[in-house]
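Chemist: The numbering used here puts the first residue of the sequence shown at 415, with every later residue one more than the last.
Okay, handing you the structure first.
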Amino acid sequence: LPDLVAEARRLADTLRPEAMDAWAAVARAAGDDGLAPADRASAVDHEAMSRGPEGAELFERAAELYAAAGDPGEALAARA
415 LPDLVAEARR LADTLRPEAM DAWAAVARAA GDDGLAPADR ASAVDHEAMS RGPEGAELFE
475 RAAELYAAAG DPGEALAARA
């Protein structure tokens with residue numbers, strides 16, 4: 415799991431479109447409780463991006479997770 419998270423972060427940090435699939439793989443591998451709040455937020459955020467307009471509710475969930483992880487900037491961005 416740590417290698418999957420590191421790769422997903424790397425892809426997201428470099429704005430690669432493959433980041434959405436990488437975060438989906440992280441979420442599948444981790445299950446419901448296997449991720450830190452910030453990583454869970456990133457996984458949900460990328461899932462929301464992959465869904466386009468249908469991802470609006472997931473962006474709100476990602477914002478809540480980012481806030482819980484102590485990242486108000488990402489929470490604000492997820493709500494934008």
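Cβ coordinates follow ideal geometry from the N, Cα and C atoms, glycine included.
The structure displayed is predicted, hence computed values, not measured ones.
Within the region 453 to 488, note down every full alpha helix (DSSP H) run reaching 4 residues or more, in order along the chain.
Modeler: 470 to 482
Chemist: Roughly how far, in whole angstroms, is the beta-carbon of residue 492 from the beta-carbon of residue 477, given that I think they are within contact range, below 8 Å?
Modeler: Numbered from 1 along the sequence shown, position 78 holds the residue referred to as residue 492. Numbered from 1 along the sequence shown, position 63 holds the residue referred to as residue 477. Right, their Cβ atoms sit about 4 Å apart.
Chemist: Below 6 Å, is the gap between the Cβ of residue 485 and the nearest heavy atom of the ligand COA?
Modeler: The ligand COA is not part of this structure, which contains no ligands at all.
Chemist: Three-state secondary structure (DSSP) at residue 432?
Modeler: For this step, residue 432 is matched to residue 18 along the sequence shown. Reduced to three states, the DSSP call for residue 432 is coil.
Chemist: On the three-state DSSP scale, how would you describe residue 449?
Modeler: Against the sequence shown, residue 449 aligns to sequence position 35. In the structure shown, residue 449 falls within a coil segment according to DSSP collapsed to helix, strand and coil.
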